[in-house]
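Counting from 1, position 235 in the sequence shown corresponds to residue 293 in this note's numbering; the numbering is continuous, with no gaps. Quick reminder that beta carbons are idealized off the backbone N, C-alpha and C, glycines included.
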Amino acid sequence: MKIKILLLLPILFLTACSAEGKTKMLDGTENLETYKEYGNTLLTFSLFSDIHFHNVNDATVKQTYPLALLEARRLTGDRIDAVVVTGDFSEGYIEDYDTLINTTKTYSKENTPLIASYGNHEGNNKQNQYVDKFGVEKNNVRTVNGFSFISLTPYNSSGNSDFYTMDQPDYLDEQLSNITADGNKKPVFTLVHHPIQGATNAVEAGTYKLKPILDQYSNAFVLSGHDHSPFSDKSLYKGKFYAFETAAMTDKTTSYFAIVRYTDKGYIIIEKYTVTLGNNKAHHLESDIVINFNEFIDSFK
């Protein structure tokens, strides 16, 4: 039976593509009136972490990741502005970049940007792969619909890719300062694979150097992964900044992803989902997170 299930989903995905290779939507869309009270959506992105192509669950994620991409489109009425991955999409193999890039391109709306940060499984001393494949520096800033995404790459000269260099707090400070200089209230999405020590579920990893910088910028909205913890009430941290730890895509039976929205009334909405083999629809987890971000920013003035 397990073999039959594994063979079924690729057939489903093939039927979701036209002869030209363009993706078609699965039937049905979410009731887009659900969040209307929070304003009109200005930015929507699907959020993933720890896909881990090439590991023991490779056959699973090569089916659940495409399904999640399609479901994110269906659930938003095809309004995904970016696909965001907070690291560990590979096991250090350069071909995993091609798998991520090509799969994202195939199952996303045309020209949807992919924003991915570097994780510890991408491999220490392999940052050149990231630079070559994505065409950006290992620490970089991307902009989508006027919203900034800062990505930081873990690296330490001692050879441990669970840590961050001494100059990265300065880089983060400079970018956050420049982005928030005009006094705007928009979130600045900051991708760090490891959870920030002192926030969410973090108990290790060398992100402690970043927290004093983040504490100075209430606009910073940190996105991380790494721990492979299911979504819980500990996934969201609220201090002097917000941080959200994303559950892992790779798992023996269940893959997790989220949809993040920002509205013109200053709300951030995070919807949490799972996808499983043998089921062509995502399962919506209870308790969406709704944050009045403008009110949060104003509380620090």
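What first and last residue would you give for the alpha helix (DSSP H) that runs through residue i?
{"i": "GLU303", "result": "That residue, GLU303, is in no alpha helix (DSSP H); its beta strand (DSSP E) goes 300-303."}
{"i": "LEU294", "result": "Unbroken run through LEU294 is the beta strand (DSSP E), 294-296; no alpha helix (DSSP H)."}
{"i": "SER235", "result": "226-237"}
{"i": "VAL189", "result": "185-192"}
{"i": "ILE271", "result": "269-272"}
Classify residue i as helix, strand or coil using the three-state DSSP reduction.
{"i": "PHE205", "result": "strand"}
{"i": "ILE173", "result": "strand"}
{"i": "LEU360", "result": "Residue numbering for the chain in the displayed model covers 59 to 359; residue 360 lies beyond these limits and cannot be assessed."}
{"i": "LYS82", "result": "Low confidence applies to LYS82: its pLDDT is 42, below 50, so where it sits in the model is not reliable, and the reading given next is rough at best. Looking at LYS82 - three-state DSSP - the assignment turns out to be coil, as it is neither helix nor strand."}
{"i": "LYS163", "result": "helix"}
{"i": "ASN350", "result": "strand"}
{"i": "ILE254", "result": "coil"}
{"i": "ALA340", "result": "coil"}
{"i": "THR102", "result": "strand"}
{"i": "TYR93", "result": "coil"}
{"i": "VAL114", "result": "coil"}
{"i": "THR248", "result": "strand"}
Quick one: what's got a C-beta closer than 8 Å to residue i's C-beta in the same chain, skipping five residues either side?
{"i": "ASP154", "result": "PHE111, HIS112, PHE147, SER148"}
{"i": "LYS167", "result": "THR81, ARG131, ASP136, ILE138"}
{"i": "PHE310", "result": "Going by the sequence as given, residue 310 is Lys instead of Phe. If we look at LYS310 and ignore the five residues flanking it on each side, its Cβ neighbours are ASN115, THR118."}
{"i": "GLN226", "result": "ASN197, LEU210, LYS267, LEU268"}
Rounded to a whole number of angstroms, what is the C-alpha to C-alpha distance between residue i and residue j?
{"i": "ILE271", "j": "LYS298", "result": "10 Å"}
{"i": "ASP108", "j": "TYR320", "result": "24 Å"}
{"i": "VAL333", "j": "ASN160", "result": "20 Å"}
{"i": "ILE383", "j": "ASN183", "result": "Since the first residue shown for the chain is 59 and the last is 359, residue 383 is missing from the structure and cannot be characterised."}
{"i": "THR265", "j": "GLU195", "result": "20 Å"}
{"i": "TYR300", "j": "PHE315", "result": "19 Å"}
{"i": "TYR331", "j": "ILE347", "result": "12 Å"}
{"i": "THR201", "j": "ALA140", "result": "10 Å"}
{"i": "LEU127", "j": "ILE355", "result": "31 Å"}
{"i": "LYS243", "j": "ASP273", "result": "16 Å"}
{"i": "HIS341", "j": "LEU101", "result": "22 Å"}
{"i": "GLY181", "j": "GLN187", "result": "10 Å"}
{"i": "THR162", "j": "GLU129", "result": "13 Å"}
{"i": "GLY241", "j": "SER235", "result": "10 Å"}
Could you check if residue i is buried or exposed, using at least 16 other CB atoms within 10 Å of its CB as the buried criterion?
{"i": "THR122", "result": "buried"}
{"i": "SER104", "result": "buried"}
{"i": "GLU303", "result": "buried"}
{"i": "GLY324", "result": "buried"}
{"i": "ASN197", "result": "buried"}
{"i": "ALA239", "result": "exposed"}
{"i": "MET307", "result": "buried"}
{"i": "SER293", "result": "buried"}
{"i": "GLU95", "result": "exposed"}
{"i": "GLY344", "result": "In the sequence as displayed, the identity of residue 344 is Glu instead of Gly. With fewer than 16 Cβ atoms within 10 Å of its Cβ, GLU344 is classed as exposed."}
{"i": "GLU353", "result": "exposed"}
At a cut-off of 7 Å, would you count residue i as near the ligand ZN, judging by its Cβ distance to the nearest heavy atom?
{"i": "ILE159", "result": "As presented, the structure is devoid of all ligands, the ligand ZN included, so that no description of it is given."}
Beta strand (DSSP E) containing residue i: first to last residue?
{"i": "PHE279", "result": "278-282"}
{"i": "ASN330", "result": "For the sequence presented, residue 330 should be read as Lys rather than Asn. Looking at the DSSP string, the run of the beta strand (DSSP E) that includes LYS330 is 325-334."}
{"i": "VAL142", "result": "140-143"}
{"i": "TYR320", "result": "312-321"}
In chain order, what residues of the same chain lie with their CB nearer than 7 Å to the CB of residue i, ignoring the 5 residues before and after it?
{"i": "HIS251", "result": "THR144, GLY145, ASP146, SER175, TYR176, GLY177, ASN178, PRO212, SER282, GLY283, HIS284"}
{"i": "ALA305", "result": "SER287, PRO288, PHE289, TYR314"}
{"i": "TYR151", "result": "HIS112"}
Kindly list the residues whose CB is nearer than 6 Å to the CB of residue i, restricted to its own chain and excluding five residues on each side of it in sequence; keep chain order.
{"i": "PHE358", "result": "SER276"}
{"i": "LYS191", "result": "TYR155"}
{"i": "VAL142", "result": "PHE103, LEU105, ILE173"}
{"i": "ILE237", "result": "SER206, VAL246"}
{"i": "PHE279", "result": "PRO245, PHE247, TYR300"}
{"i": "ILE208", "result": "VAL199, GLN233, THR248"}
{"i": "THR312", "result": "THR332, THR334"}
{"i": "ASP231", "result": "ILE271"}
{"i": "ALA99", "result": "The residue asked about is misnamed: residue 99 is Thr in this sequence, not Ala. Counting only Cβ-Cβ distances below 6 Å, and skipping sequence neighbours, we find ARG319, THR321."}
Between residue i and chain B, is the shortest Cβ-Cβ distance under 8 Å, so that the two count as touching?
{"i": "THR144", "result": "Given the protein chain composition of this structure (a single chain), no chain B is represented."}
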